[in-house]
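Chemist: Here the sequence shown is numbered in our numbering, starting from 1 and rising by one per residue.
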Amino acid sequence: MKTKIFTTAEIKEIKDYIYKGKVIAFPTDTVFGVGVRYGNPDALEALKQAKDRDRDKPIPTMVKDLQQIKAIANVDWKMDALYKHFMPGALTVIVNKKEEIPAYVSDGKPTIAIRIPDDAFVLDMLEEGPMLVTSANVSGQTPGKDETEVLQQLDGRIDAIVIGQAKENVASTIVDLTGEDVRVVREGKYSLAQIQAVLQEEQK
1 MKTKIFTTAE IKEIKDYIYK GKVIAFPTDT VFGVGVRYGN PDALEALKQA
51 KDRDRDKPIP TMVKDLQQIK AIANVDWKMD ALYKHFMPGA LTVIVNKKEE
101 IPAYVSDGKP TIAIRIPDDA FVLDMLEEGP MLVTSANVSG QTPGKDETEV
151 LQQLDGRIDA IVIGQAKENV ASTIVDLTGE DVRVVREGKY SLAQIQAVLQ
201 EEQK
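1) Hey, out of Asn96, Gly179, Leu44, whose CA is closest to threonine 56's CA?
2) Please report how far the alpha carbon of valine 31 lies from the alpha carbon of serine 172, in whole angstroms.
3) Quick check: what's the CA-CA separation for proline 60 versus arginine 186?
4) Give a yes or no on whether the C-beta atoms belonging to aspartate 159 and lysine 12 are separated by under 8 Å.
5) Quick check on this structure: which residue in Lys204, Glu168, Val36 has the alpha carbon closest to the alpha carbon of glycine 188?
6) Using a threshold of 8 Å, state whether the C-beta atoms of alanine 136 and alanine 25 are closer than that.
7) Among Asn40, Ala73, Asp146, which one has its Cα closest to the Cα of proline 110?
8) So, does the region 62-80 touch the region 90-108, judging by three or more C-beta pairs under 8 Å?
9) Taking the straight line between their C-alpha atoms, what separation do you get for proline 102 and valine 36?
10) Straight-line CA distance for methionine 1 to leucine 177?
11) Given that a residue counts as buried once 16 or more other Cβ atoms are within 10 Å of its Cβ, and exposed if not, what is lysine 204?
12) Could you give the DSSP three-state label for leucine 132: helix, strand or coil?
13) Quick one: is alanine 50 buried, meaning 16 or more other Cβ sit within 10 Å of its Cβ, or exposed?
14) Three-state secondary structure (DSSP) at alanine 171?
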């Protein structure tokens, strides 16, 4: 496979690639990402193969707004509070997915990880619907910061890449909202203290 190279100006062609189920890498507000269209099991399988990723490790979902979150997940006031204060941005939330969402999306798990990126280009890509997106690297390797570094690992493994650079190259904070208490799964840009402060303020 020859990996096609796009510029951000070619958004129509990029959206067409995504619609067709292609695996595409692109810069985001955190690390460089690689993803596929949500709702296409064959595309998801191709993404996991490209990364040599474990089959039982779910890929996070990237969405455009709160409306897209509520279409696929069951959320409560905590989600609304975090959306108001931290989104779009470097915060990924683990929430319970809706029953009608296919099991393959979350590898059979009842939960789903969701993020809204703080990047106008990526949000434009997501206008057509959510994507399943993870870091642009072979599993176990360091994610690339730009298209050159990403292609060193994924050239010939993915269908396309968008030229650019990850804005911060810092992974998002991942918080689990499925229990009574909020739990930080991975600390990134935001700390547990910052998140708890917002939730406590919202409860007043």
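Ideal Cβ placement from N, Cα and C applies to all residues, glycine included. If you're wondering where the values come from, they're calculated on a predicted model, not measured in any experiment.
Modeler: Considering the structure as presented:
1) Correcting the residue identity first, residue 56 is aspartate in this sequence and not threonine. Looking only at Asn96, Gly179, Leu44, the smallest Cα-Cα distance to aspartate 56 is reached by Leu44.
2) Rounded to whole angstroms, valine 31 to serine 172 spans 8 Å at the Cα level.
3) Approximately 13 Å, taken between the alpha carbons.
4) No, the Cβ-Cβ distance between aspartate 159 and lysine 12 is not below 8 Å.
5) Ranking the options by Cα distance to glycine 188, first place goes to Glu168.
6) A Cβ-Cβ contact shorter than 8 Å links alanine 136 with alanine 25.
7) Nearest in C-alpha terms to proline 110, of all of Asn40, Ala73, Asp146, is Ala73.
8) Yes, they touch.
9) Separation of proline 102 and valine 36 (C-alpha to C-alpha, rounded to the nearest whole angstrom) is 16 Å.
10) Between methionine 1 and leucine 177, the C-alpha separation is close to 40 Å.
11) Under this definition lysine 204 is an exposed residue.
12) If DSSP states are grouped into helix, strand and coil, leucine 132 belongs with the strands.
13) Taking every protein chain shown into account, the CB of alanine 50 has 16 or more other CB atoms within 10 angstroms, so this residue is buried.
14) Alanine 171 falls in the coil class under three-state DSSP.
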